[in-house]
Amino acid sequence: MRVTDITKDLDKDTTVIVNCAGRTRSIIGTRVLQRMGFTNLFGLKNGTSGWGLAGYELETGADRLDLPEPSVEGIAAAEAYTDKLADEDGVRYMDIAKLQSMLANREKEAAFFVDVRTIQEYEGGHIPGFRWFPGGQVVQRSDDVLVIKNCPVVFACNQKARSTFIASWYRQFGFEEVYAVEGGTAAWAAAGLDLETGTTEEAPYGLAQARERVRPLSPQDLQAASPQVTLFVDTSQDFARGHVPGARWAPRGWLEFHIAGLAPDKKASIAVTGNDGNNAALAGATLLDLGYGNVSVLEGGMTAWNRAGLAVETGLSGVMNPPTDMVLSGPDRNYADMMTYLRWETALGEQFAD
Numbered sequence: 001m002r003v004t005d006i007t008k009d010l011d012k013d014t015t016v017i018v019n020c021a022g023r024t025r026s027i028i029g030t031r032v033l034q035r036m037g038f039t040n041l042f043g044l045k046n047g048t049s050g051w052g053l054a055g056y057e058l059e060t061g062a063d064r065l066d067l068p069e070p071s072v073e074g075i076a077a078a079e080a081y082t083d084k085l086a087d088e089d090g091v092r093y094m095d096i097a098k099l100q101s102m103l104a105n106r107e108k109e110a111a112f113f114v115d116v117r118t119i120q121e122y123e124g125g126h127i128p129g130f131r132w133f134p135g136g137q138v139v140q141r142s143d144d145v146l147v148i149k150n151c152p153v154v155f156a157c158n159q160k161a162r163s164t165f166i167a168s169w170y171r172q173f174g175f176e177e178v179y180a181v182e183g184g185t186a187a188w189a190a191a192g193l194d195l196e197t198g199t200t201e202e203a204p205y206g207l208a209q210a211r212e213r214v215r216p217l218s219p220q221d222l223q224a225a226s227p228q229v230t231l232f233v234d235t236s237q238d239f240a241r242g243h244v245p246g247a248r249w250a251p252r253g254w255l256e257f258h259i260a261g262l263a264p265d266k267k268a269s270i271a272v273t274g275n276d277g278n279n280a281a282l283a284g285a286t287l288l289d290l291g292y293g294n295v296s297v298l299e300g301g302m303t304a305w306n307r308a309g310l311a312v313e314t315g316l317s318g319v320m321n322p323p324t325d326m327v328l329s330g331p332d333r334n335y336a337d338m339m340t341y342l343r344w345e346t347a348l349g350e351q352f353a354d
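Residue 306 in UniProt numbering sits at position 306 of the sequence shown, with consecutive numbering throughout.
And the structure:
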């Protein structure tokens, strides 16, 4: 959308370097610009990870974040480019009538509907039934977007440039039923149809039932109760940012494997905590299923605890081994992890080169 505007004052032989934290996004970006006709074009090998491994310093705190609003000429150039992609890659456009029919039938026939704009645009107004997934991540994370192989997928933006661009990548990935909404949200609104605003978050499966089963405690009640065991069940990063003093880290996904070591007595009083209380409620229900009878949950999680102004412990207190629940990216990795990741990703590309 903005490349034409950003590069309009550059000489044709100006060198353009595309960069990311590793390899994937710079490869994607370089290929996009290559298909747009840029010639003196490079992707920085291994991105900021490679830069750091070479011994160079990384800049932090940069404020060059705001991009210019696309001009009329820039939008026209983007749409002409994506029309070319649609022809070359086999992207099909879907009109509003067909989209309405498909949305109405989605309970019977599976399909994925994805809005690829920014979160601000999505919250400002989106087609009902579409979920938000930002465009750059949609290309990288097709396994998260299209969890049923070869299920129809429909992409939307405000017009068609961004949705067509994303759809072209999915066609290149080999997916068959890939569509872009002709005219996007603008066409939907022009047809007299309402757009939804804000974001709709579905409650995790089983959360309501879990909350009915567990005993909630306010921050003040938890502090007064002094349970024998206090657990924190969200990520290690969340735990390090702040937890109830004395809490032990026990991520919900591994709770069944570790709880016997943390609470060998099933009659012990256990308080389960987390960020917002959702994972804690689900973990509390799991503990009840495992035979623990005296289980309570911090209502509102650490959000409520902090709001109450109570003491907070930070760091990985009580964690004896390096956590493996989070995959760090780019410059947050240490030297060995960077090398391991880059070797893996390079080998992955070579494995599927044919």
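A virtual CB, placed ideally from N, CA and C, is assigned to each residue, including glycine.
In the DSSP assignment, find the unbroken alpha helix (DSSP H) run with residue i in it and report its ends.
i	result
Ala304	301 to 307
Gly174	Note, Gly174: premise wrong, no alpha helix (DSSP H); not H, not E.
Ile148	Neither: Ile148 is in no alpha helix (DSSP H) and is coded neither H nor E.
Tyr335	335 to 351
Pro136	It should be noted that the sequence gives Gly, not Pro, for residue 136. Run containing Gly136: 135 to 140, per the alpha helix (DSSP H) assignment.
Gly184	184 to 190
residue 355	This structure cannot speak to residue 355, because the chain is shown only from 1 to 354.
Pro219	219 to 225
Distance, Cα to Cα, residue i vs residue j?
i	j	result
Leu41	Arg23	15 Å
residue 398	Gly47	Because the chain is modelled from 1 through 354, residue 398 falls outside the range shown and cannot be assessed.
Trp188	Glu201	23 Å
Ala156	Arg213	41 Å
Lys8	Phe38	12 Å
Leu193	Pro134	23 Å
Ile148	Glu79	29 Å
Pro264	Val145	41 Å
Asp87	Gln237	45 Å
Tyr93	Phe130	16 Å
Met326	Ile270	25 Å
Pro219	Ala308	7 Å
Ala268	Leu67	56 Å
His126	Lys266	49 Å
Arg141	Leu348	15 Å
Thr30	Gln137	16 Å
Asn278	Arg106	28 Å
Ile96	Tyr81	23 Å
Ile119	Leu65	16 Å
Cys20	Leu103	36 Å
Gly318	Thr324	15 Å
Glu57	Ser49	11 Å
Ala225	Val154	52 Å
Asp83	Tyr335	43 Å
Excluding the five sequence neighbours on either side, which residues of its own chain have a C-beta within less than 6 Å of the C-beta of residue i, listed in chain order?
i	result
Thr4	Gly74, Ala77
Pro128	Glu196
Leu33	Leu41
Ala304	Pro219
Gly284	Val214, Val272, Val295, Val297
Leu282	Ala210
Asp276	Gly301, Thr303
Pro245	Ala311, Glu313
residue 371	Given that the chain is displayed from residue 1 to residue 354, the structure contains no residue 371 and the question cannot be resolved.
What residue range is occupied by the uninterrupted beta strand (DSSP E) comprising residue i?
i	result
Leu10	Taken as a continuous stretch (DSSP letters only), Leu10 belongs to no beta strand (DSSP E), as it is neither H nor E.
Leu99	No beta strand (DSSP E) contains Leu99, which is instead part of the alpha helix (DSSP H) from 96 to 104.
Ile17	16 to 18
Ser296	295 to 298
Asp115	112 to 115
Ile270	270 to 273
Gly197	According to the sequence shown, residue 197 is Thr rather than Gly. Segment: none, Thr197 is in no beta strand (DSSP E) and carries neither H nor E.
Val91	Counting along the chain, Val91 falls outside any beta strand (DSSP E), and DSSP gives it neither H nor E.
Could you name the residues of the same chain whose beta carbon sits closer than 7 Å to that of residue i, not counting the 5 residues immediately before and after it, in chain order?
i	result
Thr14	Asn40
Trp169	Val139
Ile27	Gly43
Asn158	Arg117, Glu121, Gly184, Thr185, Ala186
Ala280	Val233, Val272, Thr273, Gly274, Val297, Leu298, Gly301
Gly124	Thr197
Asp89	Ser168, Arg171, Gln172
Near residue i, what residues of its chain come up, given a Cβ to Cβ distance below 8 Å and the 5 sequence neighbours on each side ignored?
i	result
Asn150	Phe175, Glu176, Glu177
Gly253	Asp325
Mind reading off the beta-carbon distance from residue i to residue j? Whole number of angstroms is fine, and I expect it under 8 Å.
i	j	result
Asn306	Val297	No, Asn306 and Val297 are not in contact; Cβ-Cβ is about 17 Å, not under 8 Å.
Leu255	Val229	Wrong, their Cβ atoms sit about 12 Å apart, outside the cutoff.
Ala240	Leu316	5 Å
Val91	Arg171	6 Å
Leu99	Val18	At roughly 34 Å, the Cβ-Cβ gap does not stay under 8 Å, so Leu99 and Val18 are not in contact.
Leu231	Arg248	6 Å
Pro216	Thr235	Contact doesn't hold; Cβ gap of about 22 Å is too wide.
Tyr179	Ala167	7 Å
Trp132	Thr199	7 Å
Would you call the stretch 44 to 60 and the stretch 330 to 347 touching, i.e. three or more CB-CB distances under 8 Å?
Cβ pair count under 8 Å is three or more, so yes.
Contact between the stretch 205 to 223 and the stretch 165 to 185 is defined here as three or more beta-carbon pairs at a separation below 8 Å; is this criterion met?
no
Does the stretch 111 to 120 come close enough to the stretch 161 to 171 to have 3 or more Cβ pairs within less than 8 Å?
yes
Inspect the CB distances between the stretch 250 to 263 and the stretch 282 to 293 and report whether three or more fall short of 8 Å.
yes
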